[in-house]
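Enquirer:
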Amino acid sequence: MSRFMRADVLPADRDAQDFISARARDVSPITANGDLRTLRAAFNVAVSCGWIAENPFQKVKAIRVPKTERATLDAGGLRAVLDMARDMGGDMDIAVHLAGLAGLRAGEVAAASWDWFDFTAGTITVRCDSRFTPKGKRSRTVPLHPELVACLLRHRRDLGRVLRAESVPRKPWKLIQDTLAPGVCFHGLRHSCASLWAANGVPPFLIQAWLGHSSISTTEGYVHCAAIVDPRFSFGLPEAPAQRERA
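In my numbering, the protein residues as written are 156 to 402.
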């Protein structure tokens, strides 16, 4: 940015566009667009302070980001991942169940506290308060899947955060990913959950509310693979091994 901040070297609109285009050849489109937002903000400050007459980056077009289909898990895949996480125990067990069965983001999983859960009502409320601000900047309530309830009861404490660590454990998830879910990132569990909701008849507007999306178009991007999920499954999950043994 320093190349543009000397008073005698102010870029024209064309220079600004060329700079972002050149930047996009060296980094990903997402990174280049992030740089564009930063430069716009910096030059807006310069305009507001009266240092320059107009912002040369204001009219620069963002770099087009190619649409990619996020890898998700089908019913059997999620079943296997949940079982492996349960065998690992601890934070990994909780994190995978919260993301895969309630659609929580990684940051929400890490911030979840026991007062979010109402086991009587069968709900989890992702709270927007002084302790945590979710991405949507508002609270939302999501139904508790029976297997998520069982998972939480395995680890239940009276107070504090649900996870003992500050974030979702990376190494255990990498092991699950390499073993059972190649190409599926942790956020893919949230996508998988949304797709299973859709496959089992949950209306899009309700999925939008449960995921905390401000736009239904964002939700539609999460449920793109719903058509391949077998709708005969209840929430798309085959029985766990322990359930089969009891039958």
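Glycine residues also receive a C-beta, built at the ideal position from the N, C-alpha and C atoms.
#1: May I ask you to report which of helix, strand or coil DSSP gives residue 207?
#2: Within 10 angstroms of the Cβ of residue 371, are there 16 or more other Cβ atoms? Answer buried if so, exposed if not.
#3: Give every residue of the same chain whose Cβ lies closer than 7 Å to the Cβ of residue 178, excluding the five residues on either side of it in the sequence, and list them in chain order.
#4: Are three or more beta carbon pairs between the stretch 348-366 and the stretch 268-283 nearer than 8 Å?
#5: Between residue 250 and residue 337, how many whole angstroms is the CB-CB distance? I'm expecting something under 8 Å.
#6: Going by beta-carbon coordinates alone, are residue 404 and residue 257 separated by less than 8 Å?
#7: Quick check: the stretch 312-326 against the stretch 257-271, are at least 3 beta-carbon pairs closer than 8 Å?
#8: When the Cα atoms are used, what is the spatial distance from residue 368 to residue 347?
#9: Just to confirm the assignment, what range does the alpha helix (DSSP H) spanning residue 317 have?
#10: Note down, in chain order, each residue of its chain lying with its Cβ closer than 6 Å to the Cβ of residue 169, except the 5 sequence neighbours on either side.
#11: Within a Cβ cutoff of 6 Å, which residues of the same chain sit near residue 174, ignoring the five residues on either side of it in sequence?
#12: What's the gap between the Cα of residue 254 and the Cα of residue 297?
#13: Just the Cα atoms here: how many angstroms apart are residue 185 and residue 365?
#14: From this set, 349, 330 and 354, which residue's C-alpha is nearest residue 242's C-alpha?
#15: Can you have a look at residue 306 and say buried or exposed, based on whether 16 or more other CB atoms are within 10 angstroms of its CB?
#16: Among 213, 276 and 355, which one has its Cα closest to the Cα of residue 111?
#17: Where do the ends of the alpha helix (DSSP H) carrying residue 327 lie?
#18: If you draw a straight line from the alpha carbon of residue 300 to that of residue 220, how long is it in whole angstroms?
#19: Do you know offhand how far residue 274's Cα is from residue 303's?
#20: Quickly, what does DSSP pair residue 295 with across the bridge? List them, please.
#21: Would you list, in sequence order, the uninterrupted alpha helix (DSSP H) runs of no fewer than 4 residues that lie entirely inside the stretch 223-292?
#22: Measuring CA to CA, which of 355, 363, 374 and 341 is closest to residue 226?
#23: Check residue 304 in the structure and name its three-state DSSP category.
Expert: This is what the structure gives:
#1: coil
#2: exposed
#3: Contacts found: 187 and 190.
#4: no
#5: Not confirmed; about 19 Å, so no contact.
#6: An answer regarding residue 404 cannot be provided, because it is not within the stretch 156 to 402 covered by the chain.
#7: With the cut-off at 8 Å, the stretch 257-271 and the stretch 312-326 touch.
#8: 16 Å
#9: Segment: none, residue 317 is in no alpha helix (DSSP H) and carries neither H nor E.
#10: none
#11: none
#12: Each residue's Cα considered, the two are about 12 Å apart.
#13: 27 Å
#14: 330
#15: buried
#16: Outside the displayed span of the chain (156 to 402) sits residue 111, for which this structure offers no information.
#17: 325-335
#18: Using only the alpha carbons, I get a separation of about 35 Å.
#19: 11 Å
#20: 281
#21: 230-243, 245-257 and 261-266
#22: 341
#23: Of the three classes helix, strand and coil, the one that applies to residue 304 here is helix, per DSSP.
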